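Participant: In the UniProt record's numbering, the protein residues as written are 1 to 193.
My questions will all concern the structure given below.
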């Protein structure tokens, strides 16, 4: 009996990610991924100690890919034109592009995440939160650099807390089918400018 070929962690993760894109999160199984990679089940366990670890990495890759595809900027300084320094303009662009990016992935991913076992769900949420912190940092940076925000609003709202609130509301609107975030952006205009 010949030995199975060597395989990298990255290759295993790529196979699992592609499978999840094609067939959904529920299709991820150690045995299935091992078969698709042409390796023994134990080889998968050398890189991922359990299914929850594999699922967590797939979810993290999903969010990194979605954010990268959307072209989300993390800092206001990275913006090239003055209009982009506006918090509202940045948030509108972020919501639109992230919504388009998420549309390229199976919409069921967002729903399927909640059907994972408790351990996978906890780890997946942690991976999501790490990605979301980067988005919040970009929003906070735009809050701090937007000269049009009134002094009263700056006194009333902490930039980091406001950024987190804005992101959660944007993400909720996108998931609810309102990528324009009409209500949120209207309230931001009234409260901040």
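We treat Cβ as the ideally placed atom computed from N, Cα and C, and that holds for glycine.
Bear in mind that the values here come from a model prediction, so they are computed numbers and not experimental data.
1. Should residue 174 and residue 87 be called a contact, given that it needs their Cβ atoms to be closer than 8 Å?
2. What is the rounded straight-line gap between the Cα of residue 100 and the Cα of residue 35?
3. Taking only the alpha-carbon atoms, compute the straight-line gap between residue 181 and residue 95 and give it to the nearest angstrom.
4. Leaving aside the five residues before and after residue 16 along the sequence, list all residues of the same chain whose C-beta is less than 8 Å from its C-beta, in chain order.
5. State yes or no: is the C-beta of residue 167 within less than 8 Å of the C-beta of residue 131?
6. Here's a check: name, in chain order, each residue in its chain whose Cβ is nearer than 7 Å to the Cβ of residue 74, leaving out the five neighbours to either side.
7. With DSSP run on the structure shown, which of helix, strand or coil describes residue 50?
8. DSSP state of residue 178, grouped into three classes?
9. Return the first residue and the last residue of the alpha helix (DSSP H) that residue 138 is part of.
10. Compare the C-alpha of residue 127 against each of 97, 158, 65 and name the closest.
11. Please state whether DSSP places residue 40 in a helix, a strand or coil.
Facilitator: To lay it out plainly:
1. Cβ distance not < 8 Å, so residue 174 and residue 87 don't count as in contact.
2. In a straight line, the C-alpha of residue 100 is about 33 Å away from that of residue 35.
3. CA-to-CA, the gap between residue 181 and residue 95 works out to about 7 Å.
4. The answer, listed in chain order, is 28, 33, 54, 57, 58.
5. When the beta-carbon positions are compared, residue 167 and residue 131 stay at least 8 Å from each other.
6. Residue confidence for residue 74 is low, a pLDDT of 49 falling below 50, so the modelled location carries little weight and cannot support an answer.
7. DSSP places residue 50 in coil when its eight states are reduced to three.
8. In the structure shown, residue 178 sits in coil (DSSP, three-state: anything other than H, G, I, E or B).
9. For residue 138, the enclosing alpha helix (DSSP H) has its first and last residue at 118 to 145.
10. Measuring from the Cα of residue 127, the nearest candidate turns out to be 65.
11. Residue 40 falls in the coil class under three-state DSSP.
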